[in-house]
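Numbering (the UniProt record's numbering), first residue to last: 63 to 602. Glycine residues also receive a C-beta, built at the ideal position from the N, C-alpha and C atoms. Only a predicted model underlies this, so the values are computations on that prediction, with no experimental measurement involved. Before any comments, here is the structure.
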Amino acid sequence: GSVPQEIETDILIVGAGFGGVYLLHRLRDELGFNVKCFEAGKDLGGIWHWNCYPGARVDSPIPVYEYSLEKVWKNWSWSCKYPGWQELRRYFDHVEQQLQVKKDVVFESAVVSSEWDEKRPGWTVKTEDGKTARCRYLILATGFAAKRNFPDWPGLDTFEGAIHHSSFWPEEDVDVAGKKVAVIGTGSTGIQIAQECAKRAKELTVFQRTPNLCLPMQQASLTSKEQEDRKDDYEQFFRDRKSTFAGFPFDNIQKNTLDDSSEEREKFFEQLWEEGGFKLWLATYKDMLYEKEANRHHYDFWAKKTRARITDPATADILAPLEPPHAFGTKRPSLEQDFYEQFNKPNVHVIDVNKNPVVGVRPRGLVTADGKLHEVDLIALATGFDSVTGGMMNMGLKDIDGKPLAEKWAMGTWSYLGTTCNGFPNMFFLYGAQGPTAFSNGPTCVEVQGDWIVDSIRKMRDESIQSIEATREAEEDWRRKITELSDKTLFPSANSWYMGANIPGKPREQLCYAGGLPLYQKELKESLDEGFKGFVVVNA
Ligand code: NA7
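This is how it looks when you write it as structure tokens:
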């Protein structure tokens, strides 16, 4: 049907991924609010709408990586532990069938401005194509990867082959068979693209800046029967999921790395390796992310296991060097299946762009500092995002005094609870800055934060509160907590997107809450229980 150019609604959500859809459903169907959603893409799914590059697959196993809503899980089953993007898209089709959210989502509507209107009071939000929405509450569910990062190489636009950023891959499948492919970047995305393309391309060259300390996925197919048999425990499972540090059904053990003998340690590491996924990262000794020596034991085990899979020693030195490029787990490890074995093929190469950087692009390929032209037909840019803060700073949000958020955050990030900002009354966000975002499973995190947003809005309605606005002091306190929690860990020592260090010129700071979900939920609860502690409350 036709979409009105002027929308009036109680609540406007931006983004229809995991977070946005959850909130739309709860606020509309449970609380009875009038809710609308602007979504830049053409369908539900957020990152799973955008990610259709070859090999795109989730790195958290189901049922951790799904909604806890019974209506959704009760008649859904997956084909495997770590589903690919096609299946995640089908999941969102199923979500739609169960929740009917689409009638309230306006697609292809990228938000370009948002201003506070003191008279109503509320927000006026505009989209690129001229639509306007007026709302009392504004919720940003735009995720941590809404702004792409491109290399600034001279000549990029002169390239005559195909060039695609991972999050903007063409809908129609790009066939790499018989083609020479370059993959730039080895984050989670680059690893997946390379692993997949190596099996079909004529030649594959991976341009690696930092080795990814990949963990074994241990993928497995699943039957519906197996899943149905477990469903009696799902309610408990989803409750437990919120009670661990990272929102997974496991946690680090209450032991330090050096408490065990080297034989015991080796045995334990082997077990975590066999179980696979993030276990060596998140179900290991409790001091791994805090103590250098403990961390080094993890790295050495990882390097030993990984080097054994790579036949050429020079290649092994690039992909899995003996000296750690950064402390283990201080950058996001990707999950792989047979990534390392690909480099044992004669047509698959890796180039260390730290030693030999790309200096420019020519019509037929990439030129490295040693003067070599690497001729390719397709460049896959897996160069990531202006993560966590970039998306929110890129949508024209202004505070009550008309000051852009991009200006407020130019020298560093300030929020309260990772869900609200001073100067932005009745605006909430989730899975973004200063929340548990980078250090927690997405669906768990958005439900934790989403539930708090729902509870807050319900409380405001029940108590006739017109607006809440985080105080500047509360923001300063929160920022201090973010920094203190992070400074105890080894995270600040790595050049990661967690630290804003992947984008030239971006302030170096911890962008996420490193205290774990239980402590985070305590903070959220405390603010609500103490009558919006840390907020200025205006009664209607
Ligand atoms: P990431 O994790 O930010 O990875 C981007 C990769 O691209 C990373 O290896 C970067 O190296 C590399 N990069 C970035 N710019 C360049 C240039 N100019 N030259 C060479 N290499 C470059 O993004 P992903 O999309 O893989 O993953 C994002 C998140 O999605 C991931 O963490 C999961 O949570 C899911 P660097 O490491 O900075 O040296």
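Between the ligand NA7 and the CB of Pro213, the shortest heavy atom gap is smaller than 7 Å. If you check the CB distance, Arg424 and Gly217 come in under 8 Å. In the DSSP assignment, Leu200 falls within the beta strand (DSSP E) that extends over Thr194 to Leu202. In terms of side-chain proximity, the C-beta atom of Ser502 is found no nearer than 7 Å to any non-hydrogen atom of the ligand NA7.
In terms of side-chain proximity, the C-beta atom of Asn418 is found no nearer than 7 Å to any non-hydrogen atom of the ligand NA7. Taking 3 residues as the shortest admissible run, the segment 166-240 contains the following complete beta strand (DSSP E) segments, listed from N- to C-terminal end: 173-179, 184-189, 194-202 and 224-227. Taking all protein chains in view, the Cβ of Gly94 is surrounded by fewer than 16 other Cβ atoms within 10 Å, so the residue is classified as exposed. Counting along the chain, the unbroken beta strand (DSSP E) around Lys98 starts and ends at Val97 to Phe100. Using a Cβ distance threshold of 8 Å, Ser529 and Pro487 count as a contacting pair. Taking 3 residues as the minimum length, the beta strand (DSSP E) runs contained wholly in the segment 468-544 are 489-491 and 527-532, in order along the chain. A distance criterion of 7 Å places the beta-carbon of Trp112 beyond contact range of the ligand NA7, judged by its closest non-hydrogen atom. Scanning the segment 236-302 from its first residue to its last, the whole alpha helix (DSSP H) runs of 4-plus residues come out as 250-259 and 286-292. Counting along the chain, the unbroken alpha helix (DSSP H) around Thr377 starts and ends at Pro375 to Leu381. In the assembly as shown, Lys136 is an exposed residue. Its beta-carbon has fewer than 16 other beta-carbons within 10 Å. Between the segment 381-393 and the segment 344-364 there are three or more inter-stretch CB-CB distances shorter than 8 Å, so the stretches are counted as touching.
Note that the C-beta distance between Ile73 and Cys197 is below 8 Å. A residue is called buried once 16 or more other Cβ atoms fall within 10 Å of its Cβ, and Thr373, having fewer, is exposed. Annotation for Ile315: no beta strand (DSSP E) segment contains it, and DSSP assigns it neither H nor E.
Relative to the ligand NA7, even the nearest heavy atom lies 7 Å or more away from the CB of Gly146. Taking a contact as a CB-CB distance under 8 Å, the pair Trp112 and Phe230 counts as one, their CB atoms being some 7 Å apart. The alpha-carbon of Asp313 is positioned some 9 Å away from that of Ser305. Between the ligand NA7 and Gly77, a heavy atom-to-CB distance of less than 7 Å is absent.
At the C-beta level, Phe100 and Val173 come within 8 Å of one another. The three-state reading of DSSP puts Thr430 in strand, counting E and B together.
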